[in-house]
Amino acid sequence: MSIKTVTVFGSAFPKPGEPEYEFAYKLGHLLGLNGIDVCSGGYLGIMEAASKGAVEAGAKAIGVTLNFFNYEHNEYITDEIRTESLFDRIKVLMDIGDAYIILKGGTGTLLELAAVWESVNKEFTTPKLIIADEEYWKPLTFLMDERMRFEGRRTGIVKSFNNEEDIINSLKSVNQV
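Quick note: to get our numbering, add 184 to the position in the sequence shown (first position is 1).
Shown next as structure tokens:
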């Protein structure tokens, strides 16, 4: 499998200068420098930061927006795809991404993590790399892996990262297979 586009999920609330925003910006920039386009929900916060970083590094930033919100996408989006419903939006975000990066976020990000995890777990899609912020998502991924172990099912579907370099190294290892 070759990773050409990564979907980045995360909160719309971080602002420039805040650690979560700056992390997403650096991540987007590193992805772009490695020839990987970024796909996101297209709005503010982590979505904007990752898009900005990618575009400034010469990559594309695809924004999958939702008509319900009636907002404009962030200024760094190079390609916009508008969707009618939340679930259509999640499906498009999943379809575009060759891998998924789950940063910090609230219930929307939790829903997106659950959707990509279940899709890979139940083999609704070809296996794709899912990488989640270890510090933030570890309690949930640990809990779910314990349940999967109890049920005799596959564990370790969601990988974890501690920094931007962990993510890039994980993506590079997939691209070498």
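Where is the CB? At the ideal position from N, CA and C, for every residue including glycine.
Assigned secondary structure, residue i (DSSP; H/G/I helix, E/B strand, else coil)
i, result
"residue 361", "Low per-residue confidence applies at residue 361: pLDDT is 41, beneath 50, and the placement is therefore not dependable, though the value from the model is reported in the following sentence. Three-state result, residue 361: coil."
"residue 306", "coil"
"residue 263", "strand"
Within 9 Å, strictly: CB atoms of residue i and residue j
i, j, result
"residue 340", "residue 329", "yes"
"residue 209", "residue 247", "no"
"residue 277", "residue 296", "yes"
"residue 256", "residue 233", "no"
Own chain, CB closer than 6 Å to residue i, minus 5 neighbours either side, in chain order
i, result
"residue 284", "191, 300, 314"
"residue 361", "Confidence at residue 361 is low in this model, with a pLDDT of 41, below 50, so the placement of that residue is unreliable and no value is reported for it."
Cα-Cα separation, residue i to residue j
i, j, result
"residue 250", "residue 326", "32 Å"
"residue 229", "residue 216", "18 Å"
"residue 244", "residue 272", "22 Å"
"residue 200", "residue 282", "27 Å"
Cβ-based neighbour list, residue i, same chain, cut-off 8 Å, excluding 5 preceding and 5 following
i, result
"residue 343", "313, 314, 315, 316, 354"
Where residue i falls, given that 16 or more other Cβ within 10 Å makes a residue buried
i, result
"residue 221", "buried"
"residue 242", "exposed"
"residue 219", "exposed"
"residue 193", "buried"
"residue 227", "buried"
"residue 198", "buried"
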